[in-house]
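Reviewing the structure listed below.
Number of protein chains: 2
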Amino acid sequence: MATPTTAARFEDLLSVRAAIGRGGPAPGGQAGRKPGYEFGSGRPDPASFPYDGLVVATARMMAAEGADALTYGDPQGYVGLRELIARKHGRFEGLAIGPEDLLIINGSSHGISLVIGAFVDPGDPVICEAPTFSGTLNTLRRHGAELHGVPLDAEGLPPAAVRERLEALRAQGRPCKLLYLMPNFHNPAGPTLPLARRRELLAVAREYNVPILEDDAYGELRFEGEALPSLYALDEDGIVTRSGTLSKILGAGVRLGWLLAPRDLLPIFQSFNFGGGVSPFTSRVVTYYLRDHLEEHVARLVEVYRAKRDAMLAGLDEVLADTDGEISRPAGGFFIWLRLPSGTDRAKLARLAAESGAGSVPGTSFFPNGGGEGYIRLAFSYESPERCHEGARALAGAIYRSID
Amino acid sequence: MATPTTAARFEDLLSVRAAIGRGGPAPGGQAGRKPGYEFGSGRPDPASFPYDGLVVATARMMAAEGADALTYGDPQGYVGLRELIARKHGRFEGLAIGPEDLLIINGSSHGISLVIGAFVDPGDPVICEAPTFSGTLNTLRRHGAELHGVPLDAEGLPPAAVRERLEALRAQGRPCKLLYLMPNFHNPAGPTLPLARRRELLAVAREYNVPILEDDAYGELRFEGEALPSLYALDEDGIVTRSGTLSKILGAGVRLGWLLAPRDLLPIFQSFNFGGGVSPFTSRVVTYYLRDHLEEHVARLVEVYRAKRDAMLAGLDEVLADTDGEISRPAGGFFIWLRLPSGTDRAKLARLAAESGAGSVPGTSFFPNGGGEGYIRLAFSYESPERCHEGARALAGAIYRSID
């Protein structure tokens, strides 16, 4: 029934948001053919998926509450899953929350889009890190946000620079609608924000009355050191919303995450989550599995991903140690951030990297206002430790041979 | 961490859309205690859910493609499910479409919100039926649409009245952004739009360059008569987007539906569906089940729901036959629409209906611009035929005794 002219016919009828970015690439797709070493997108380790455990959980769940799994659900999300997530926050962080503090969502990106939609009209200023997660950049741009990227230093987002930006906006009479940041194992850059900075950022946000969106997709996957309290946990004023996800600790294919937020903000986010609750079926399957296996499964994943990180770091270090390239050493998460050595010929690198078979994401994808040409991001999450090592050596060789 | 003042603190920071309807009821919830007879919301028949079939399908699917089920998916949706939906359109309607014509979504309401979001900015005119589906009314209102309800007659939406409204808008220089309608087994009113009207509405929409959103949540559940071609099937100009769902033919808890649309519109709708594809896990579970069971399962559901409709109609007719009340007799779907007899004392009816234990939805919920006080909607989908009959008699008795 389609004609090639349908979109053109309705071009003038598109909403302001839909018209933003028309002609750009379709979101979410992965271009080109599959690389030999999948270091591009942050796909979870397939060997760690609990295949049998989820089949058993499905059978047990359907026997116990199949009728509820197959009909419309609670708009806030299955209470059993919310209880489990609340318990998780207690076990992993000593944070006392309840199911009424949570909204179940279709994965972290969905939750982030609900928060952005609640605050951002086209043209509104938003402060984010530079670099930051490319998926959220896409969502912010689709909503027409005016992006103010604040450069990271070795410890993450500097509160003084955030204050400066807020002061400049205030001088223009323009309120900042949102401050978006990743305090743990920053994607892509790696740093974990120190406690003092967390407190300072809260104070700045309170002073300028800016809602904070704390993206914590990887918080459970800490390879070493002690967990720091989240901004949500430190917040005494109800200004922080925190997003989490099962994508990294169970499987991205279940499309389940949560928003943890001041209770009176949850209905505002929820009101743009149309339909009969988020996945009553899948929510119950994963709850039945994780009730019995959460701690042991996460402990296993920490071992798995630490080994992969170490293997990739070893492969990079073995080849690039005598260059001035900089390689992040994140305390958790999925990613390594690499500043290319001075004098790297990027055209030559593109050719040699393709020959090496190792994928990566160019640094430019992560910057809200341009820049990042000298960086690449590598994901160690998907490939085995052996292949992380081998592929990292191959890519590092390509980099080495590209130095002028 | 929440304080009672968070929403108030950020009230001025809310987006235009988030500020719409603040202070209204939270969407999606069901107020009050459960009625004895659940005739209110259109919940699918729980006895017909394929509990064992889905458990078997989960085990088979996980063995065959568990890794793909648990990682990020195709942004357009699992191709196996799109192939199955395309095949369904061939089998049930003789409509030749392919997987590339479909976008998988989190249930029909989600798809409808994507289409509305693509076209409607706050203040934009939208034409819909009066009455129409209350869930879509909520979504339209949340997006700030200016609603133009066109009254239905016994055959559904009258094309001449739509043309009149479009002409009036054109005279004001305001394009209508969307025409939303339900041609089959209209919810709540019941009529199925005749073929001639379908053609006429297409001609009117083409003439005024209005995109049509055809909501076909119940199309497979036809109890009698021949299926008419959908507006999508009749459309030669690429102006129709049609939404469908597995909620009524499998289970609302899987939260899966689809948009069938001109191919170059799909990326526009998809671009506001953030995240890693719609439920790769659940999409595969239901595909593995429905590949082998679709036709037999739908045939069974048609028997099940026809028996319930007939039982409810019998119960109503037995008591109300000698009044001037009007009772719809839909050829499919989940709902009966009842115009109360002249002289019904609505305050008295509210009291007696509560005593009868039978739930219903007041007609006012379905009207975009007021009205509907003399109507109620009854769902026969959830209760058994016996209870449909018994509850309908009880409610009809309450109505009868409320006539002045």
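These protein sequences, in sequence, are chains V and G. Numbering-wise, this note's numbering puts 1183 at position 144 of the first sequence, and it's gapless, one number per residue. Numbering-wise, this note's numbering puts 1428 at position 389 of the second sequence, and it's gapless, one number per residue. We put the beta carbon where it would ideally sit given N, CA and C, even for glycine. Source: prediction; values computed, not measured.
Determine which residues of the stretch 1356-1387 of chain G have a Cβ less than 7 Å from any Cβ of chain V, and write them out in chain order. Taken residue by residue, none of the stretch 1356-1387 of chain G has a beta-carbon sitting less than 7 Å from a beta-carbon on chain V.
If you check the beta carbons only, do G:Leu1252 and G:Thr1280 fall under 8 Å apart? G:Leu1252 is a Cβ neighbour of G:Thr1280, given a cutoff of 8 Å.
For chain V, is any of its Cβ atoms less than 8 Å away from the one on G:Thr1171? Under the Cβ criterion of 8 Å, G:Thr1171 is not counted among the residues facing chain V.
Please tell me whether V:Leu1273 and V:Arg1237 are closer than 8 Å, where the distance is taken between their beta carbons. For V:Leu1273 and V:Arg1237, yes; Cβs fall inside 8 Å.
Under 8 Å, Cβ to Cβ, is there at least one residue of chain G near V:Thr1293? Residue identity differs from the one stated: residue 1293 of chain V is Val in this sequence, not Thr. Closer than 8 Å to some Cβ of chain G, the Cβ of V:Val1293 qualifies, so yes.
Interface residues of chain G facing V:Lys1216 [CB-CB closer than 7 Å]: Those are Leu1052, listed as they occur along chain G.
I'd like to know whether the C-beta of G:Thr1326 is nearer than 8 Å to at least one C-beta of chain V. Not one chain V Cβ lies under 8 Å of G:Thr1326.
Check whether the Cβ atoms of V:Leu1298 and V:Val1154 lie closer than 8 Å to each other. Yes, the pair counts as a contact, with Cβ atoms nearer than the cut-off.
Does the stretch 1159-1174 of chain V come into contact with the stretch 1146-1163 of chain G, if we say contact requires no fewer than three beta-carbon pairs (one atom in each stretch) closer than 8 Å? Contact between the stretch 1159-1174 of chain V and the stretch 1146-1163 of chain G is not established, with fewer than three Cβ pairs separated by less than 8 Å.
Which of helix, strand or coil DSSP assigns to V:Phe1320: DSSP places V:Phe1320 in the helix class (H, G or I) of the three-state scheme.
Top-ranked residue by Cα proximity to G:Phe1313, from G:Gln1115, G:Met1100, G:Ala1086: Nearest Cα to G:Phe1313 within the set G:Gln1115, G:Met1100, G:Ala1086: G:Gln1115.
Chain V beta carbons: is any one of them nearer than 8 Å to that of G:Met1101? When Cβ-Cβ separations below 8 Å define contact, G:Met1101 makes contact with chain V.
DSSP three-state assignment for V:Phe1313, whether helix, strand or coil: DSSP places V:Phe1313 in coil when its eight states are reduced to three.
Can you tell which of G:Leu1240, G:Gly1258, G:Pro1164 has the C-alpha that lies nearest to the C-alpha of G:Leu1217? Ranking G:Leu1240, G:Gly1258, G:Pro1164 by CA distance to the CA of G:Leu1217 puts G:Pro1164 first.
Since V:Ser1441 and V:Leu1388 should fall inside the 8 Å C-beta cutoff, what is the C-beta to C-beta distance between them, to a whole number of angstroms? Rounded to the nearest angstrom, the Cβ distance from V:Ser1441 to V:Leu1388 is 4 Å, consistent with a contact under 8 Å.
Flag this pair as touching only if the stretch 1078-1097 of chain V and the stretch 1055-1062 of chain G have three or more C-beta atom pairs under 8 Å; answer yes or no. Flag = no, the stretch 1078-1097 of chain V and the stretch 1055-1062 of chain G do not touch.
Which chain V residues sit within Cβ distance under 7 Å of G:Val982? Residue 982 of chain G lies beyond the residue range present for chain G, which begins at 1040 and ends at 1443; the question has no answer from this structure.
Which of the three DSSP states is assigned to V:Ile1442 in this structure? Assigned with DSSP and collapsed to three states, V:Ile1442 falls in strand.
Just to confirm before moving on: does the CB-CB distance between G:Pro1170 and G:Ser1420 stay below 8 Å? With respect to the 8 Å criterion, G:Pro1170 and G:Ser1420 are not classified as neighbours on the basis of their beta carbons.
Please classify G:Gly1067: does DSSP put it in a helix, a strand, or coil? Caution applies to G:Gly1067, whose pLDDT of 42 falls short of 50 and renders its modelled position unreliable; the value that the coordinates give is listed next. Three-state result, G:Gly1067: coil.
When you compare the CB of V:Asp1448 with every CB in chain G, is at least one pair closer than 8 Å? Missing from the structure shown is residue 1448 of chain V; chain V here goes from 1040 to 1443 and no further.
Thinking just about the alpha-carbon of each residue, which of V:Asp1443, V:Gly1398, V:Phe1373 is nearest to the one in V:Asp1384? The shortest C-alpha separation from V:Asp1384 is found at V:Asp1443.
Please decide whether V:Ala1207 counts as near chain G, where near means a Cβ-Cβ distance under 8 Å. Under the 8 Å criterion on CB atoms, V:Ala1207 is classed as non-interfacial with respect to chain G.
Look at the Cβ atom of V:Leu1304, then the Cβ atom of G:Thr1045, and state whether they are nearer than 8 Å. Closer than 8 Å, so yes.
Less than 8 Å separating the beta-carbons of G:Ser1322 and G:Ile1136? No. Outside cutoff.
Grab the span of the beta strand (DSSP E) containing V:Thr1454 for me, first residue to last. Since the first and last residues shown for chain V are 1040 and 1443, residue 1454 of chain V lies out of range.
Relative to the alpha-carbon of G:Ser1282, which residue among G:Pro1085, G:Glu1263, G:Ala1353, G:Pro1222 has its alpha-carbon at the smallest distance? The candidate whose alpha carbon is nearest that of G:Ser1282 is G:Pro1222.
For the alpha helix (DSSP H) that contains V:Arg1294, what are its first and last residues? Per DSSP, V:Arg1294 lies in no alpha helix (DSSP H) segment and is marked neither H nor E.
Does the Cβ of V:Glu1253 lie closer than 7 Å to at least one heavy atom of the ligand GDP? Questions concerning the ligand GDP fall outside what the structure shown contains, since it holds no ligand whatsoever.
Answer with yes or no whether the minimum CB distance from V:Leu1109 to chain G is below 8 Å. Flagged as an interface residue toward chain G: V:Leu1109, by a C-beta distance shorter than 8 Å.
Nearest CA to the CA of G:Leu1289: which residue from G:Val1317, G:Val1324, G:Tyr1271, G:Tyr1111? Distance check between G:Leu1289 and each of G:Val1317, G:Val1324, G:Tyr1271, G:Tyr1111 places G:Val1324 closest, using alpha-carbon atoms only.
Going by the beta-carbon positions, is the gap between V:Ala1370 and V:Thr1231 smaller than 8 Å? Cβ distance < 8 Å, so V:Ala1370 and V:Thr1231 count as in contact.
What residues are listed by DSSP as bridge partners for V:Phe1374? Looking at the DSSP output, V:Phe1374 sits in a beta bridge with V:Ala1418.
Where V:His1225 sits in the DSSP three-state scheme: Coil at V:His1225, not helix or strand.
Residue-chain proximity (V:Gly1112, chain G), Cβ-Cβ < 8 Å: Under the 8 Å criterion on CB atoms, V:Gly1112 is classed as interfacial with respect to chain G.
For V:Pro1198, report the span of its alpha helix (DSSP H) as first-last. 1198-1210 is the extent of the alpha helix (DSSP H) around V:Pro1198.
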